[in-house]
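Novice: Note that the protein sequences, when read in sequence, are chains A and B. The working numbering applies: residue 1 is where the first sequence begins, and numbers increase by one. The working numbering applies: residue 427 is where the second sequence begins, and numbers increase by one. Structure provided below as C-alpha cells; questions to follow.
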Amino acid sequence: MIRAAILFLLSLLAAVPAAAQPVTVIAVPPLATPSKGDKANEDLAIAWQATQQIVTDLRGTSELMPLTPKQKDVYSYPEVTAPSFPKWKAAGAKALVTGFVQTRDDGRLTFGCYVYDVASGRELGRKGFVVAADDLRRAAHRCSGLAYESITGSPGMFDTRIAYVAETGSGASLVRRVAIMDSDGFNHDYATMGETMVLSPRLSPRARSVAFVSFSGGSPHIRILDLETQRTNSLITGDPISFSPRFSPDGQKIAFTMVQGSNADIYVADAAGGPPVRLTTAPGIDTAPAFSPDGKRIVFESDRSGSQQLYVMDAEGSDQRRISFGTSAYAAPAWSPDGEYIAFVARQTGSRRIGIVRADGRDERIVTGGVTDDSPSWAPSSREILFERTDGGRPSLLRIALDESQPRTMTIPQPGSDPDWSGVIE
Amino acid sequence: MRAWIALLGGLISTAAPAQEPPPPIVPWVPVEVLRADFIAKTGGTMLYFGVNSALIGAPARSMLAAQAQWLRLNPYVSVKIEGHGDGGDTRDHALALGARRAAAVREALILLGVPPQQISISTWGSERPGPPRAEIKLVP
Numbered sequence: 001m002i003r004a005a006i007l008f009l010l011s012l013l014a015a016v017p018a019a020a021q022p023v024t025v026i027a028v029p030p031l032a033t034p035s036k037g038d039k040a041n042e043d044l045a046i047a048w049q050a051t052q053q054i055v056t057d058l059r060g061t062s063e064l065m066p067l068t069p070k071q072k073d074v075y076s077y078p079e080v081t082a083p084s085f086p087k088w089k090a091a092g093a094k095a096l097v098t099g100f101v102q103t104r105d106d107g108r109l110t111f112g113c114y115v116y117d118v119a120s121g122r123e124l125g126r127k128g129f130v131v132a133a134d135d136l137r138r139a140a141h142r143c144s145g146l147a148y149e150s151i152t153g154s155p156g157m158f159d160t161r162i163a164y165v166a167e168t169g170s171g172a173s174l175v176r177r178v179a180i181m182d183s184d185g186f187n188h189d190y191a192t193m194g195e196t197m198v199l200s201p202r203l204s205p206r207a208r209s210v211a212f213v214s215f216s217g218g219s220p221h222i223r224i225l226d227l228e229t230q231r232t233n234s235l236i237t238g239d240p241i242s243f244s245p246r247f248s249p250d251g252q253k254i255a256f257t258m259v260q261g262s263n264a265d266i267y268v269a270d271a272a273g274g275p276p277v278r279l280t281t282a283p284g285i286d287t288a289p290a291f292s293p294d295g296k297r298i299v300f301e302s303d304r305s306g307s308q309q310l311y312v313m314d315a316e317g318s319d320q321r322r323i324s325f326g327t328s329a330y331a332a333p334a335w336s337p338d339g340e341y342i343a344f345v346a347r348q349t350g351s352r353r354i355g356i357v358r359a360d361g362r363d364e365r366i367v368t369g370g371v372t373d374d375s376p377s378w379a380p381s382s383r384e385i386l387f388e389r390t391d392g393g394r395p396s397l398l399r400i401a402l403d404e405s406q407p408r409t410m411t412i413p414q415p416g417s418d419p420d421w422s423g424v425i426e
Numbered sequence: 427m428r429a430w431i432a433l434l435g436g437l438i439s440t441a442a443p444a445q446e447p448p449p450p451i452v453p454w455v456p457v458e459v460l461r462a463d464f465i466a467k468t469g470g471t472m473l474y475f476g477v478n479s480a481l482i483g484a485p486a487r488s489m490l491a492a493q494a495q496w497l498r499l500n501p502y503v504s505v506k507i508e509g510h511g512d513g514g515d516t517r518d519h520a521l522a523l524g525a526r527r528a529a530a531v532r533e534a535l536i537l538l539g540v541p542p543q544q545i546s547i548s549t550w551g552s553e554r555p556g557p558p559r560a561e562i563k564l565v566p
C-alpha cells in the first residue's frame with residue numbers, strides 16, 4: 001500500500017515538466033550616434049529603427065526578455081562604452097545591449113554593439129561592422145545575435161534563413177515550391193517556380209545555396225541551386241534516384257541517399273559535383289543522413305535490424321553503431337549544432353512525434369505531442385527545433401523551445417512542409 | 427496530350443510472339459489505347475503490398491505474369507514502375523520503400539522474361555496518398 005502510494009507520488013513528479021530556464025531581463029536603450037547637427041537627427045531615426053528590431057528579435061527568444069525602450073530616452077554616445085549600471089540594475093535588468101549608428105560619407109552605416117553584465121559592469125561582448133544603408137535589419141540581427149550569444153553561450157538565430165516547401169492547391173493541382181525566408185519571416189521568396197514537384201530543401205551552412213529533391217523527369221533526384229547566380233545543377237550525373245540531401249558543416253560535401261538496384265544506401269559527394277562515394281552497404285533501407293557539427297560523423301536511419309533505428313558512423317562510413325533501442329520507429333535524424341543532441345521522428349501506431357536523444361544514445365525524450373510531426377531541424381542556438389505538423393491535411397511549420405511545453409506556429413504565406421534552418425550567415 | 431507510340435507485335439494479335447524484328451511500316455497508336463489494351467489483357471496497372479513490405483503476394487503474381495506476357499509481346503513499349511511508400515511513413519523512408527517496391531516489380535518482370543531495358547523505376551514515397559502500391563505506367 002505504502003509502496004503503491006510512493007510509486008504514485010513518483011509518477012506525479014515524473015509528469016512535472018523540467019523547470020524552465022531562467023529568463024534574463026535585458027535593457028535595450030535606444031542606440032546612440034556620434035553624429036552632430038542635422039545628421040544626428042537622421043542617424044537617431046535609423047538607430048531607433050535598429051533598436052526596435054533588436055527588441056523584436058530578443059522578445060522572440062525564450063531566454064531573453066527585453067525591457068521596452070522609449071524613443072525619448074536619448075542615450076548619449078559616451079554612455080555606450082560607459083553605461084550607468086545602477087540605473088539598469090534598478091530597472092530590473094541583468095544585462096544591457098547598447099551601441100551606436102553613424103552614416104558614413106559613402107552612405108553606408110557604421111554599427112557598434114556592446115553587451116554588458118549589469119551586476120558586475122563587465123563587458124560580455126562587442127562587435128563593430130559596416131553595412132549598406134538598406135541592410136539595417138541584418139545589422140540589427142547581428143547585434144541581437146551578439147547579445148544572445150554573449151548571454152546564453154549559443155549562437156543567435158536572428159541572422160539565419162529558413163527553407164521549406166511551400167504548398168498551394170490540393171490533390172492533383174498541388175503545387176510545391178522551394179521557399180526561402182529570413183528566420184523572422186522577412187524576405188520571403190520562392191526559389192523554384194512550381195513547374196515540378198520538389199521536396200527536402202536543405203540550405204548550405206551560410207545559406208548561399210540550397211540542395212533539394214526535384215521530380216523533373218518523373219523521378220526524384222538532387223539538384224543544387226546557387227542562390228547568388230541562380231544557377232541549378234544536378235548533384236549526380238544522369239539524375240539517378242536520390243534524395244535526402246544534407247550539407248556538411250563546411251558546405252563542401254553533401255550526404256544523401258541513392259537507390260541502386262532495390263537498395264537505398266548513404267553516399268557522399270562534393271557539393272560542386274563529382275562521383276558519389278558509397279558509405280553504407282547494408283541490405284536494409286539506409287537513409288536520412290545528417291552530419292555532426294564537426295563533420296566527422298554522420299547519423300542516419302536504417303531498417304537493417306528489422307525496424308527503423310538510428311545509427312552513427314564516421315564520415316567515411318566506418319564504425320557504424322546503433323544508438324536507438326526503443327519501441328518506436330526512429331527516423332529523420334538531425335544533429336544539433338552544439339553536437340549534444342540528435343533530434344528525430346518517433347513513429348508509433350497512430351502517432352508521429354519529435355524526440356531528442358544524446359549523441360551517444362542516452363537521455364531519450366519526446367518533445368512534441370502531435371500525431372503527424374515530421375522533419376525536425378535545429379535552430380542554430382541548439383535550443384529550439386523547427387518541424388512540420390499536418391493538421392486537417394494542411395502542413396504548417398512550428399517552432400518548439402526545448403524548455404517550453406507548447407510549440408509556436410510560424411507565420412508563412414501558405415501551408416508549408418519540410419523545413420530547414422541554416423547556420424548563422426555572417 | 428496526344429502522345430503517339432508505335433504499336434508492334436501482339437497488340438493486334440496477342441497470340442503471335444514477337445520473335446521477328448518489327449515490320450518496316452507500323453501503325454501509330456496513342457499511349458491511351460495501348461494502356462487500355464494493357465489493362466484489358468492484364469487486369470490493371472496497380473500492384474498492392476503489405477505495410478512496410480516489398481514482397482509481391484500471390485494475387486499480384488498472377489497479374490504480373492499477364493503483364494510480363496503483354497510486355498514481351500510489345501517489346502517497343504517501355505514502362506516506368508512507380509513505387510509508393512506507406513501513408514504515415516516519414517518522407518525519406520517512404521521514398522526508399524517506394525523505390526524498393528518498384529524494383530521488386532521490375533525484378534519480377536525481368537524474371538518473367540521482360541528485357542531489363544524495357545523497364546525503368548521511380549518512387550513517389552508518401553507524396554501521393556493511397557494504399558501501399560506500385561503502378562505500372564506505359565511511357566509515351
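Cβ atoms here follow ideal geometry from the backbone N, Cα and C, with glycine treated the same way.
Using C-beta distances below 6 Å, list every residue in its chain close to valine 312(A), excluding the 5 sequence neighbours before and after it, in chain order.
Specialist: Taken in chain order, the residues that qualify are Arg297, Val299, Arg321 and Ile323.
Novice: Along the region 218-230 of chain A, where does the CB come closer than 9 Å to a CB of chain B? Name the residues.
Specialist: Of all residues in the region 218-230 of chain A, Gly218, Ser219 and Pro220 have a Cβ within less than 9 Å of some Cβ in chain B.
Novice: Buried or exposed: which applies to proline 413(A), given that a residue is buried once 16 or more other Cβ atoms fall within 10 Å of its Cβ?
Specialist: Exposed, because fewer than 16 other Cβ atoms sit within 10 Å of the Cβ of proline 413(A).
Novice: Quick one: using the 10 Å Cβ neighbour count with 16 as the cut-off for buried, is proline 245(A) buried or exposed?
Specialist: Per the 10 Å Cβ criterion, buried.
Novice: Pairing CB atoms from the region 274-289 of chain A with CB atoms from the region 508-515 of chain B, are three or more of them under 8 Å?
Specialist: Taking 8 Å as the limit for Cβ pairs, the verdict is that the region 508-515 of chain B does not touch the region 274-289 of chain A.
Novice: Note down, in chain order, every chain A residue with its Cβ under 7 Å from the Cβ of leucine 523(B).
Specialist: What leucine 523(B) touches in chain A: Ile285.
Novice: Check distances from the C-beta atoms of the region 195-213 of chain A to those of chain B and list, in chain order, the residues that come in under 9 Å.
Specialist: Correct list: Met197, Leu199, Ser200 and Val213.
Novice: Going by Cα to Cα distance, which pick from Ala119(A), Ser173(A) and Gln348(A) is closest to lysine 89(A)?
Specialist: When only C-alpha atoms are compared, the closest one is Ala119(A).
Novice: Quick check on tyrosine 116(A): buried or exposed, where buried means 16 or more other Cβ atoms within 10 Å of its Cβ?
Specialist: Looking at its Cβ environment, which holds 16 or more other Cβ atoms inside 10 Å, tyrosine 116(A) is buried.
Novice: Put threonine 549(B) into one of helix, strand or coil per three-state DSSP.
Specialist: In this structure, threonine 549(B) counts as strand in the three-state DSSP scheme.
Novice: Less than 7 Å between C-beta atoms, sequence neighbours within five positions excluded: which residues of the same chain meet that for glycine 295(A)?
Specialist: Cβ within range, chain order: Ser248, Pro249, Asp250 and Ala315.
Novice: For serine 219(A), which residues from the same chain have a beta carbon less than 8 Å from its beta carbon, with the 5 sequence-adjacent residues on both sides left out?
Specialist: So the qualifying residues of the chain are Asp239 and Ile241.
Novice: Given that phenylalanine 243(A) touches chain B, what residues does it touch there, using C-beta distances under 7 Å?
Specialist: Near phenylalanine 243(A) (Cβ distances below 7 Å), the residues of chain B are Asp518 and Leu521.
Novice: Which residues bound the alpha helix (DSSP H) around asparagine 41(A)?
Specialist: Segment 37-59, the alpha helix (DSSP H) holding asparagine 41(A).
Novice: For a contact defined as C-beta to C-beta under 8 Å, what are the partners of threonine 549(B) on chain A?
Specialist: In chain order: Ser219, Pro220, Ile241 and Val259.
Novice: Going by beta-carbon coordinates alone, are leucine 481(B) and arginine 559(B) separated by less than 8 Å?
Specialist: Not a contact, by the Cβ cut-off of 8 Å.
Novice: Just to confirm, is the Cβ distance from arginine 104(A) to threonine 110(A) under 8 Å?
Specialist: Contact: yes.
Novice: Taking C-beta to C-beta, are glycine 60(A) and serine 381(A) nearer than 8 Å?
Specialist: No; because the gap between Cβ atoms is not below 8 Å, this pair is not in contact.
Novice: In the structure shown, what three-state DSSP assignment does glutamine 493(B) receive?
Specialist: Note: glutamine 493(B) maps to helix in three-state DSSP.
Novice: Indicate whether at least one CB of chain B lies closer than 8 Å to the CB of glutamine 308(A).
Specialist: So yes, glutamine 308(A) belongs to the interface.
Novice: Could you check whether arginine 177(A) and alanine 166(A) sit closer than 8 Å to each other, using their CB atoms as the reference points?
Specialist: A contact, by the Cβ cut-off of 8 Å.
Novice: Going by DSSP, what residues sit across from leucine 398(A) in a beta bridge?
Specialist: Note: leucine 398(A) sits in a beta bridge opposite Phe387(A) and Thr409(A).
Novice: Let me know the secondary structure DSSP gives leucine 146(A) once reduced to three states.
Specialist: Leucine 146(A) falls in the helix class under three-state DSSP.
Novice: Given 8 Å as the limit, is there contact between the region 528-539 of chain B and the region 179-197 of chain A, that is, 3 or more CB pairs closer than that?
Specialist: No: the two stretches stay apart, fewer than three of their Cβ pairs being nearer than 8 Å.
Novice: Determine which residues share a DSSP beta bridge with serine 242(A) and list them.
Specialist: BP columns for serine 242(A) point to Met258(A).
Novice: Does lysine 467(B) come within less than 8 Å of chain A when only Cβ atoms are used?
Specialist: False, the Cβ-Cβ gap to chain A never drops below 8 Å.
Novice: Which of the three DSSP states, helix, strand or coil, is assigned to threonine 160(A)?
Specialist: Three-state DSSP puts threonine 160(A) in coil, outside helix and strand.
Novice: Taking its Cβ as the centre, do 16 or more other Cβ atoms sit within 10 Å of lysine 253(A), making it buried, or is it exposed?
Specialist: Lysine 253(A) comes out buried.
Novice: In angstroms, rounded to a whole number, what distance separates the CA positions of isoleucine 354(A) and glycine 370(A)?
Specialist: Roughly 8 Å between the two C-alpha positions.
Novice: Pick out whichever of Leu497(B), Val457(B), Thr549(B) and Ser504(B) has its Cα sitting closest to the Cα of glutamine 260(A).
Specialist: Closest by alpha carbon: Thr549(B).
Novice: Using a C-beta to C-beta distance shorter than 9 Å, which residues of chain B count as neighbours of glutamate 301(A)?
Specialist: Ordered by position in chain B, the residues that pass the 9 Å Cβ test against glutamate 301(A) are Thr516, Asp518 and His519.
Novice: Taking all protein chains shown into account, do 16 or more other C-beta atoms lie within 10 angstroms of the C-beta of alanine 329(A), making it buried, or fewer, making it exposed?
Specialist: Per the 10 Å Cβ criterion, buried.
Novice: Which residues bound the alpha helix (DSSP H) around leucine 535(B)?
Specialist: Where leucine 535(B) is concerned, the enclosing alpha helix (DSSP H) stretches over 517-537.
Novice: Quick one: what's got a C-beta closer than 6 Å to tyrosine 148(A)'s C-beta in the same chain, skipping five residues either side?
Specialist: Once the five neighbours on either side are set aside, the close Cβ partners of tyrosine 148(A) are Gly156.
Novice: Mind checking whether the beta-carbon of tryptophan 550(B) lies closer than 7 Å to any heavy atom of the ligand GDP?
Specialist: The ligand GDP is not part of this structure, which contains no ligands at all.
Novice: Identify every run of the alpha helix (DSSP H) within the region 61-117 of chain A, keeping only runs that are complete inside it and at least 4 residues long; order them along the chain.
Specialist: For the region 61-117 of chain A, whole alpha helix (DSSP H) runs of length 4 or above, ordered along the chain, are 77-81 and 85-90.
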